[in-house]
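Structure first, then comments.
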Amino acid sequence: MPALILPLVDAATHWPARGALVGLDLGTKTIGVAVSDPDRRLATGVETIQRKQFKQDATRLLAIAAERRVVGFVLGLPINMDGSEGPRAQSTRAFARNFAGLTPLPIGLWDERLSTAAVERELIGMDVSRAKRAEVIDEHAAIFILQGALDRLANLRPGAA
1 MPALILPLVD
11 AATHWPARGA
21 LVGLDLGTKT
31 IGVAVSDPDR
41 RLATGVETIQ
51 RKQFKQDATR
61 LLAIAAERRV
71 VGFVLGLPIN
81 MDGSEGPRAQ
91 STRAFARNFA
101 GLTPLPIGLW
111 DERLSTAAVE
121 RELIGMDVSR
131 AKRAEVIDEH
141 AAIFILQGAL
151 DRLANLRPGA
161 A
């Protein structure tokens with residue numbers, strides 16, 4: 001059965017209480033990959049995948065998921081500032097639909113507005129060179145996306161402040 005593709009909060013109801021999540025920043029040329037700890041408190045960068053063909057990209061993502069024993073995926077959904085969905089969001093949804101056919105793990109979609117811009121500003125503030133920023137920006141954006149999703153999920157837990 002294909003994986004469910006739902007907004008983050010709805011997808012979380014289909015994940016077990018514990019278990020790592022993989023966060024993805026889907027670019028046109030690369031995929032930034034981050035993973036959480038099993039308690040879902042901290043996102044850590046894993047790698048940046050140079051996109052080739054969907055099957056190859058998906059095979060690598062599924063291998064990471066198996067290595068890390070993850071229970072679900074969080075995909076950054078690039079919503080426009082006015083709340084509409086443009087071509088990049090449609091492309092992300094298409095990737096999610098295709099990927100869902102290869103895994104039973106639920107996929108949560110998380111609004112990633114301005115994640116890359118925020119990461120770029122942070123890296124510039126750290127005086128990281130333009131060349132180095134280009135190498136790490138997608139992985140860092142995946143960390144930013146996943147950490148935002150983890151923080152949102154933490155606020156949903158009973159007793160959260």
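The sequence shown begins at 1 in full-length UniProt numbering and counts up by one.
Even glycine gets a Cβ: it sits at the ideal position worked out from N, Cα and C.
Residue i versus residue j - alpha carbon distance
i: P7; j: I107; result: 8 Å
i: D39; j: A17; result: 8 Å
i: R88; j: D127; result: 29 Å
i: R157; j: G148; result: 15 Å
i: S129; j: H140; result: 15 Å
i: L4; j: G45; result: 24 Å
i: L150; j: L77; result: 15 Å
i: A12; j: T103; result: 16 Å
Cut-off 6 Å between Cβ atoms - residues of its own chain near residue i, not counting five sequence neighbours on either side
i: E47; result: V33
i: L72; result: Leu is not the amino acid found at residue 72; the sequence shown has Gly there. Only W15, L21, L105 and P106 meet the Cβ criterion.
Same chain, Cβ closer than 8 Å to residue i, five either side skipped, listed in chain order
i: N98; result: F54 and A58
i: K29; result: Q50 and R51
i: V35; result: A20, L21, V22, G23, A43, T44, V46, I64, R68, V70 and L146
Residue i, enclosing beta strand (DSSP E) - first and last residue
i: I107; result: I107 to D111
i: T28; result: Run containing T28: none; DSSP gives neither H nor E here.
i: T48; result: A43 to Q50
Cβ neighbour criterion (16 or more within 10 Å) applied to residue i
i: A131; result: exposed
i: G101; result: exposed
Contact set for residue i: own chain, Cβ-Cβ below 7 Å, skip 5 residues either direction
i: A142; result: G23, L24, D25, G32, V33, A34 and G45
i: D111; result: L77 and I79
Start-to-end residues for the alpha helix (DSSP H) that takes in residue i
i: P87; result: P87 to A100
Problem - Any 3 or more C-beta pairs closer than 8 Å across the stretch 78 to 94 and the stretch 58 to 67 - result: Contact annotation: the stretch 78 to 94 does not touch the stretch 58 to 67, with fewer than three C-beta pairs closer than 8 Å.
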